[in-house]
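Chemist: Take this structure first; my questions come after.
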Amino acid sequence: MKKSILYLLFLSTAFFSCENKDDTVFEETADVRINAALASYEKQLVEAPYGWNAVVYPALGGSYGFYFKFDDKNRVVMYSDFSNEAAATSKESSYRLKAMQTPTLIFDTYSYLHVLADPDRDVNGGVTGVGLGADFEFSIFPDSVKTDVISLVGRKNQSRLVLTKATQEQSAAYLKGDLAKGLLFNNIEKYQTYFKRVTLGGVAYEITANPIARTMKLTWLDGNAPKTFTTNYYYTSSGIAFVSPLTNGAQTISGFSNITWNAATLQLGVSAGGSTAIVQSAAKPLSVDAGAAKRWWQSPIESGGEWRSDSAFHVNGADDAYNVSSLKVDQGFYVFYVYQPGINPKYDLFGPAFVVGNALTLEYADAPATPTFAADGRIIFTKYGTFGEFPKTGPAVSTSNLLFDTSGYYMVQTSATTYDMISAKDAKSWISWYR
3 MKKSILYLLF
13 LSTAFFSCEN
23 KDDTVFEETA
33 DVRINAALAS
43 YEKQLVEAPY
53 GWNAVVYPAL
63 GGSYGFYFKF
73 DDKNRVVMYS
83 DFSNEAAATS
93 KESSYRLKAM
103 QTPTLIFDTY
113 SYLHVLADPD
123 RDVNGGVTGV
133 GLGADFEFSI
143 FPDSVKTDVI
153 SLVGRKNQSR
163 LVLTKATQEQ
173 SAAYLKGDLA
183 KGLLFNNIEK
193 YQTYFKRVTL
203 GGVAYEITAN
213 PIARTMKLTW
223 LDGNAPKTFT
233 TNYYYTSSGI
243 AFVSPLTNGA
253 QTISGFSNIT
263 WNAATLQLGV
273 SAGGSTAIVQ
283 SAAKPLSVDA
293 GAAKRWWQSP
303 IESGGEWRSD
313 SAFHVNGADD
323 AYNVSSLKVD
333 QGFYVFYVYQ
343 PGINPKYDLF
353 GPAFVVGNAL
363 TLEYADAPAT
373 PTFAADGRII
383 FTKYGTFGEF
393 PKTGPAVSTS
403 NLLFDTSGYY
413 MVQTSATTYD
423 MISAKDAKSW
433 ISWYR
């Protein structure tokens, strides 16, 4: 027993002696190391001679292009593709690098970057209290720092910020306001037809752009079979960049450049995949989704609920063409249009919804007969009757008349819970539905 105790004492002494031989595995303290890392990151940001191209990927989706030029006095000049003003006019704010749980890049005065994170939905169209789910404090991880690319992660929302060293040519273009030239692409919304096409390298592509979600969908035909490609996009000093490029055989399309807009003819010009072309209007889809109309109609019947549209019909380039947002009832105000399929075996419901007090109500509505689903993919509505005291004139009457146009509508499914319903007459009228 005595020998065992002596042996344990010997081991304890040996371990104690080993611990005293090496006070730390590092030559510097943690504070010295973190300060050196912060200085290194700042040096890299500041010494990029032509600044940084940047892309922000908010947590709620989308992608936004920026340009940053950092100096050694904790100031940063930036441009943003969020708006025409931000693309053409620089904004200076402050930044700092700070040791938090990780080395952190903080944009600490309100800037174009903060616009994406602003909790006021009127500022960015995002969610009240959240904005677009972007950040203005970003953690830096050593393995994400390369010579020409730095990837950062937002501390609150985990949005991503990717910095790529800009070239002299890119820097000069940003300073000239060329980022705003890319935003000319947004004029595609001025086309009066829903369907737009561009032919590149002999291939006709149908363009469906969503400037709010920053998504681009391209549809084309491989023989008779439709093919689709969807990606996020952002604007650069030379045009539009796709987050993921489209590869179609030998053709690669990574975005649109040389964007032009002819206000007189309402035509958009683009270059892509080695070709230059004009975006053309089309009266019908390149490929009709023959089952979309029936899916749209059956979905609320199978799962409950109804379809809603905030502003009803878009007509000849005008949102809320019939001014349904002005509709009123006693002590109540308009909130959205409703289509509820299958409320009766013979008819549906279509009309404006109002808030009266704390209640949601339909004071009057159309009763469309169960629709006809044509073999060519169109859905055709006819009037069965009405509910309530339907107005004789005004926005509701105009909206009703257009719904029952005998040409019918093509349905385009834009997501799992959204559809666009486009006039088969000329594609110049449509309504966007959501659930």
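At position 382 of the sequence shown the residue is numbered 384 (the numbering used here), and the sequence of numbers has no breaks.
Quick reminder that beta carbons are idealized off the backbone N, C-alpha and C, glycines included.
1) Going by DSSP in three states, L268 sits in which element: helix, strand or coil?
2) Report the start-end ranges of each beta strand (DSSP E) in the segment 400–424 that is 3 residues or longer and not cut off at the edges.
3) Within a Cβ cutoff of 7 Å, which residues of the same chain sit near Y193, ignoring the five residues on either side of it in sequence?
4) If you follow the alpha helix (DSSP H) that I303 is in, where does it begin and where does it stop?
5) Consult DSSP for V281 and reduce its assignment to one of helix, strand or coil.
6) Helix, strand or coil: how does DSSP classify K23 here?
7) Going by alpha carbons, who is nearest to L134 out of I152, K158, D150, P144?
8) In chain order, what residues of the same chain lie with their CB nearer than 6 Å to the CB of A292, ignoring the 5 residues before and after it?
9) May I ask whether a heavy atom of the ligand PLP can be found less than 6 Å away from the beta carbon of T388?
10) Given K427, which residues of its chain have a CB within under 7 Å of its CB, disregarding the five upstream and five downstream residues?
11) Taking the alpha-carbon of A377 as reference, which of L220, Y411, A367, V358 has the nearest alpha-carbon?
12) Report the three-state DSSP secondary structure of E49 (helix, strand or coil).
13) Kindly indicate which residue of Y207, A101, I242 has the alpha-carbon position closest to the one of V57.
14) Would you decide whether G184 is buried or exposed? Buried here means 16 or more other CB atoms lie within 10 Å of its CB.
15) Please report how far the alpha carbon of T395 lies from the alpha carbon of A367, in whole angstroms.
16) Who are the near neighbours of S417 in its chain, counting only those whose CB is closer than 8 Å to its CB and skipping five residues on each side?
17) Taking I345 as the reference, give the member of G156, G306, F84 with the closest Cα.
18) If you measure between the beta carbons of V290 and V200, is that distance less than 7 Å?
19) What do you get for M218, buried or exposed, if any count of 16 or more other CB atoms within 10 angstroms of its CB means buried?
20) Taking its Cβ as the centre, do 16 or more other Cβ atoms sit within 10 Å of Q172, making it buried, or is it exposed?
21) Quick check on the DSSP output: the alpha helix (DSSP H) that includes Y235 runs from which residue to which?
22) Mind checking whether S161 and A61 have CB atoms under 7 Å apart?
23) State buried or exposed for P302, treating a residue as buried only when at least 16 other CB atoms are found within 10 Å of its CB.
24) Taking 7 Å as the limit between beta carbons, can you name the residues of its chain near N189, skipping five residues before and five after?
25) At the level of alpha carbons, what is the spacing between D24 and T31?
26) Taking a contact to mean a Cβ-Cβ separation below 7 Å, would you say S95 touches T111 in this structure?
27) Ignore the nearest five residues each way along the sequence and tell me which others in A252's own chain have a CB closer than 6 Å to its CB.
Modeler: Concretely, from the data shown:
1) In this structure, L268 counts as coil in the three-state DSSP scheme.
2) Entirely contained in the segment 400–424, the beta strand (DSSP E) runs reaching 3 residues are, in chain order, 411–417.
3) So the list reads L268, S283, once near-sequence residues are dropped.
4) Segment 294–305, the alpha helix (DSSP H) holding I303.
5) If DSSP states are grouped into helix, strand and coil, V281 belongs with coil.
6) For K23, the pLDDT reaches just 44, beneath the cut-off of 50, and the residue's location in the model is therefore unreliable, although a value from the coordinates is still provided. Note: K23 maps to helix in three-state DSSP.
7) Of the listed residues, the one whose Cα sits closest to L134 is K158.
8) Excluding residues within five positions, the ones whose Cβ falls inside 6 Å are G379.
9) This structure lacks the ligand PLP, and indeed carries no ligand of any kind.
10) Here the set comprises D407, S409.
11) It is Y411.
12) Look at E49 here: in three-state DSSP terms it is coil, with no helix or strand label.
13) It is I242 whose Cα lies nearest to the Cα of V57.
14) Buried.
15) Whole-angstrom Cα-Cα distance: 14 Å.
16) Listed in chain order, the non-local C-beta contacts of S417 below 8 Å within the same chain number zero, local neighbours out to five positions each way being set aside.
17) Checked all of G156, G306, F84; the closest Cα to I345 is G306.
18) With contacts defined by Cβ atoms closer than 7 Å, V290 and V200 do not form a contacting pair.
19) Buried, because 16 or more other Cβ atoms sit within 10 Å of the Cβ of M218.
20) Burial call: buried.
21) Counting along the chain, Y235 sits inside no alpha helix (DSSP H); it lies in the beta strand (DSSP E) bounded by residues 227–238.
22) Result yes, Cβ atoms of S161 and A61 sit closer than 7 Å.
23) With 16 or more other Cβ atoms within 10 Å, it is buried.
24) The residues are W263, L270.
25) Unreliable positioning characterises D24 in this predicted model, as indicated by a pLDDT of 45, which lies under 50. A coordinate reading is not provided.
26) With contacts defined by Cβ atoms closer than 7 Å, S95 and T111 form a contacting pair.
27) Setting aside the 5 residues that flank it on each side, A252 has no residue in the same chain whose C-beta is closer than 6 Å to its C-beta.
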